[in-house]
Amino acid sequence: MNMTTEHPNVLDLGLHWRNSFCKLGNDFYTRVSPQPLPDPYWVGYSRAMARELGLDESCFASGEMLETLTGNRHIVGTEPLASVYSGHQFGIWAGQLGDGRAILLGETANGLELQLKGAGLTPYSRMADGRAVLRSSIREFLCSEAMHGLGIPSTRALCVTGSDTEVYRESIETAAVLTRVAPSFLRFGHFEHFSHRGQLAQLRTLADYVIARHYPQCRDSDRYAGNAYAALLEAVSARTAAMVAQWQAVGFCHGVMNTDNMSILGLTIDYGPFQFLDGFEPGHICNHSDSQGRYAFNRQPQIAYWNLFCLAQALLPLIEEQELALEALESFKAVFPAQFAQRMRAKLGLTTTEAPASKDDLALIEDLLQLLAKERIDYSIFWRRLSHSVADGDSELTRALFMNQAAFDAWWLRYAKEGSVVSGHPDADLMLGTNPKFVLRNHLAETAIQQAKIKDFSGIEALLTVLEAPFEEHPEFEDYADFPPDWAQRIEISCSS
Numbered sequence: 170m171n172m173t174t175e176h177p178n179v180l181d182l183g184l185h186w187r188n189s190f191c192k193l194g195n196d197f198y199t200r201v202s203p204q205p206l207p208d209p210y211w212v213g214y215s216r217a218m219a220r221e222l223g224l225d226e227s228c229f230a231s232g233e234m235l236e237t238l239t240g241n242r243h244i245v246g247t248e249p250l251a252s253v254y255s256g257h258q259f260g261i262w263a264g265q266l267g268d269g270r271a272i273l274l275g276e277t278a279n280g281l282e283l284q285l286k287g288a289g290l291t292p293y294s295r296m297a298d299g300r301a302v303l304r305s306s307i308r309e310f311l312c313s314e315a316m317h318g319l320g321i322p323s324t325r326a327l328c329v330t331g332s333d334t335e336v337y338r339e340s341i342e343t344a345a346v347l348t349r350v351a352p353s354f355l356r357f358g359h360f361e362h363f364s365h366r367g368q369l370a371q372l373r374t375l376a377d378y379v380i381a382r383h384y385p386q387c388r389d390s391d392r393y394a395g396n397a398y399a400a401l402l403e404a405v406s407a408r409t410a411a412m413v414a415q416w417q418a419v420g421f422c423h424g425v426m427n428t429d430n431m432s433i434l435g436l437t438i439d440y441g442p443f444q445f446l447d448g449f450e451p452g453h454i455c456n457h458s459d460s461q462g463r464y465a466f467n468r469q470p471q472i473a474y475w476n477l478f479c480l481a482q483a484l485l486p487l488i489e490e491q492e493l494a495l496e497a498l499e500s501f502k503a504v505f506p507a508q509f510a511q512r513m514r515a516k517l518g519l520t521t522t523e524a525p526a527s528k529d530d531l532a533l534i535e536d537l538l539q540l541l542a543k544e545r546i547d548y549s550i551f552w553r554r555l556s557h558s559v560a561d562g563d564s565e566l567t568r569a570l571f572m573n574q575a576a577f578d579a580w581w582l583r584y585a586k587e588g589s590v591v592s593g594h595p596d597a598d599l600m601l602g603t604n605p606k607f608v609l610r611n612h613l614a615e616t617a618i619q620q621a622k623i624k625d626f627s628g629i630e631a632l633l634t635v636l637e638a639p640f641e642e643h644p645e646f647e648d649y650a651d652f653p654p655d656w657a658q659r660i661e662i663s664c665s666s
């Protein structure tokens with residue numbers, strides 16, 4: 170990594186850039202440069218993500234790197250741009266949207282794209298300022314790395330930089346820039362954009378690009394007699410189903426599942442009003458802006474399918490046969506319940522490979538979820554305690570969570586019949602490796618944010634330590650696995666979060 174002698178405001182990271190999306194042409198994006206922020210400072214960074222990119226960890230000690238990832242310097246080999254897309258927001262067609270505050274720097278030779286979120290105005294900013302605030306940038310940085318630690322497909326984050334430049338939201342806040350990383354940031358909305366406009370040549374170009382780069386197996390699909398676009402829809406539906414099954418199993422609420430917030434690769438993308446459940450409430454609405462409850466926790470599978478149906482409509486001019494499109498969507502209906510049952514069985518430590526899950530297993534899972542919902546039992550703590558109860562052969566630790574202990578005892582007896590709890594079956598090791606001790610609860614993120622506002626970033630670093638390895642015990646961070654404080658119930662998160 171070094172500054173070029175000819176251009177002191179240009180940095181060479183030593184990465185090899187190929188920028189394949191940029192080669193699609195001007196119909197797909199507008200070239201735009203990040204807008205500088207004065208006096209930047211490091212807020213947080215992921216050493217693991219740096220290593221994956223091939224960057225030396227020492228880069229975070231570099232003032233030049235700090236300036237560059239704030240948008241103040243150009244990186245050799247990058248071709249910054251903002252892409253155009255459209256989408257449905259809260260179920261209503263919103264028309265043209267696009268990268269209003271995110272600028273794609275380019276694609277590295279190892280197939281990872283880097284994007285600066287909050288780097289200033291683009292042609293798609295509409296009435297917004299193109300900036301991100303410290304609060305939301307910290308939340309996305311921590312949660313994207315937390316999801317990766319949980320094994321859930323997600324965009325990643327390399328770092329957050331901050332500046333004391335004022336940004337106006339509900340109140341005056343300060344600016345930040347998040348460096349996001351993903352194999353692709355393409356969304357369902359990219360396809361909706363060209364389909365809705367009747368730009369079928371561009372739609373085909375985009376679909377062919379995605380297939381060639383990310384779904385080459387679709388070209389040889391026997392199932393659809395060579396119809397690669399139907400095969401693409403089926404593959405995206407399956408990936409999306411598997412991702413949402415993982416959300417439901419771990420208790421993750423996305424909060425704003427608009428079609429422009431749905432990744433074509435089945436990645437969790439666009440962390441705004443997200444939340445990990447505290448007490449288990451199936452109808453929980455984490456987004457204060459969601460007055461109708463469209464994106465409630467228990468509606469996420471239904472909404473994911475609705476969004477896929479929108480994608481199917483966008484791809485229909487290429488698929489050509491409605492029956493094929495509907496058939497491709499069936500993969501969601503098959504994959505989601507199977508994946509969810511598999512995830513829940515793993516959470517219970519049930520290791521038999523019977524597929525589909527037996528009626529007894531499904532009843533055991535459903536009755537447990539109803540039991541948790543009746544008393545709003547803390548979701549993460551319950552599963553971690555259950556894991557230890559199985560390991561210790563003693564249900565008392567978990568039993569103490571319930572007011573109606575007789576109901577839990579009855580369920581426990583049924584559960585024990587799946588194997589001998591005392592002898593280690595169900596599999597306690599599987600459970601401890603499936604049920605995380607640490608998730609990014611709202612109050613943990615809020616505490617780190619308040620510390621960061623006074624330039625204390627130790628809370629971010631500590632959280633990142635446990636969230637990157639959420640299944641380990643980390644006894645020095647025991648408080649992070651405790652029940653949320655009473656004030657956590659008053660935290661409101663919205664689309665501006």
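According to this note's numbering, the sequence shown is numbered sequentially starting from 170.
For glycine and all other residues, C-beta sits at the position ideal for the given N, C-alpha and C.
For residue i, the first and last residue of its enclosing alpha helix (DSSP H)
{"i": "Trp-475", "result": "469-488"}
{"i": "His-365", "result": "357-365"}
{"i": "Gly-628", "result": "627-637"}
{"i": "Lys-528", "result": "528-544"}
{"i": "Trp-262", "result": "Segment 261-265 is the beta strand (DSSP E) holding Trp-262; no alpha helix (DSSP H) there."}
{"i": "Trp-416", "result": "397-419"}
{"i": "Thr-616", "result": "611-622"}
{"i": "Tyr-378", "result": "369-383"}
{"i": "Pro-303", "result": "Residue identity differs from the one stated: residue 303 is Leu in this sequence, not Pro. It spans 303-319 - the alpha helix (DSSP H) in which Leu-303 sits, taken as one unbroken run."}
Minimum C-alpha distance to residue i - residue among the options
{"i": "Gly-526", "options": "Leu-537, Cys-312, Arg-514 and Ser-460", "result": "It should be pointed out that residue 526 corresponds to Ala in this sequence rather than to Gly. Ala-526 has its Cα closest to that of Arg-514, out of Leu-537, Cys-312, Arg-514 and Ser-460."}
{"i": "Pro-470", "options": "Arg-325, Ala-404, Arg-554 and His-423", "result": "His-423"}
{"i": "Phe-478", "options": "Arg-468, Ala-301 and Leu-498", "result": "Leu-498"}
{"i": "Phe-667", "options": "Arg-545, Ala-569, Ser-305 and Ala-576", "result": "The chain is shown only over 170 to 666; residue 667 falls outside these bounds and no answer can be derived."}
{"i": "Leu-633", "options": "Trp-552, Leu-327 and His-257", "result": "Leu-327"}
{"i": "Leu-609", "options": "Met-316, Thr-277, Leu-222 and Arg-220", "result": "Met-316"}
{"i": "Ser-252", "options": "Arg-583, Leu-193, Ser-564 and Arg-187", "result": "Leu-193"}
{"i": "Val-201", "options": "Tyr-293, Trp-186 and Tyr-210", "result": "Tyr-293"}
{"i": "Thr-334", "options": "Leu-290, Leu-311 and Leu-303", "result": "Leu-303"}
{"i": "Met-679", "options": "Pro-654, Glu-637, Leu-555 and Cys-664", "result": "With the chain covering 170 to 666 only, the question about residue 679 has no answer from this structure."}
{"i": "Ala-407", "options": "Ser-500, Asp-459, Val-329 and Gly-367", "result": "Ser-500"}
{"i": "Ala-569", "options": "Ile-546, Gln-284 and Lys-586", "result": "Ile-546"}
{"i": "Ser-332", "options": "Ala-494, Gln-658, Arg-338 and Arg-300", "result": "Arg-300"}
{"i": "Asn-427", "options": "Tyr-474, Leu-538 and Ala-394", "result": "Tyr-474"}
C-beta contact flag for residue i and residue j at 9 Å
{"i": "Gly-435", "j": "Ala-397", "result": "no"}
{"i": "Ile-307", "j": "Ile-629", "result": "yes"}
{"i": "Phe-626", "j": "Gly-213", "result": "yes"}
{"i": "Arg-270", "j": "Ala-230", "result": "no"}
{"i": "Phe-646", "j": "Tyr-548", "result": "no"}
{"i": "Arg-553", "j": "Pro-486", "result": "no"}
{"i": "Cys-191", "j": "Gly-275", "result": "yes"}
{"i": "Asp-429", "j": "Tyr-254", "result": "yes"}
{"i": "Pro-352", "j": "Leu-402", "result": "no"}
{"i": "Glu-221", "j": "Val-350", "result": "yes"}
Limits of the beta strand (DSSP E) - the one that residue i falls within
{"i": "Glu-342", "result": "341-351"}
{"i": "Val-336", "result": "325-337"}
{"i": "Leu-281", "result": "Careful: Leu-281 lies outside any beta strand (DSSP E) and carries neither H nor E."}
{"i": "Asp-181", "result": "179-181"}
{"i": "Gly-256", "result": "255-258"}
{"i": "Leu-273", "result": "271-276"}
{"i": "Val-212", "result": "210-214"}
Exposure of residue i, with buried meaning 16 or more beta-carbon neighbours within 10 Å
{"i": "Ala-404", "result": "buried"}
{"i": "Ser-227", "result": "exposed"}
{"i": "Gly-287", "result": "buried"}
{"i": "Gln-619", "result": "exposed"}
{"i": "Ser-364", "result": "buried"}
{"i": "Met-600", "result": "buried"}
{"i": "Ile-261", "result": "exposed"}
{"i": "Gln-371", "result": "buried"}
{"i": "Pro-654", "result": "exposed"}
{"i": "Trp-186", "result": "buried"}
{"i": "Trp-656", "result": "exposed"}
{"i": "Asn-611", "result": "buried"}
{"i": "Ile-623", "result": "exposed"}
{"i": "Asp-651", "result": "exposed"}
{"i": "Gln-284", "result": "buried"}
Residue i beta carbon near the ligand ADP (any heavy atom closer than 8 Å)
{"i": "Ala-576", "result": "No copy of the ligand ADP occurs in the structure displayed, which carries no ligand at all."}
Residue-level contact to chain C via CB, residue i, 9 Å cutoff
{"i": "Gly-602", "result": "Protein chain content of the structure displayed is limited to a single chain, and chain C is not contained in it."}
The segment 504-521 touching the segment 413-424, judged by at least three CB pairs closer than 8 Å | Because the criterion of three Cβ pairs below 8 Å is met, the segment 504-521 and the segment 413-424 touch.
Would you call the segment 346-359 and the segment 236-254 touching, i.e. three or more CB-CB distances under 8 Å?
-> These segments touch.
Quick one: any contact between the segment 361-378 and the segment 452-470, if contact means 3 or more CB pairs under 8 Å?
-> Result no; under three Cβ-Cβ pairs closer than 8 Å.
Taking contact to mean at least 3 C-beta pairs separated by less than 8 Å, is the segment 479-488 in contact with the segment 360-369?
-> Inter-segment contact for the segment 479-488 and the segment 360-369 is present: three or more beta-carbon pairs are separated by less than 8 Å.
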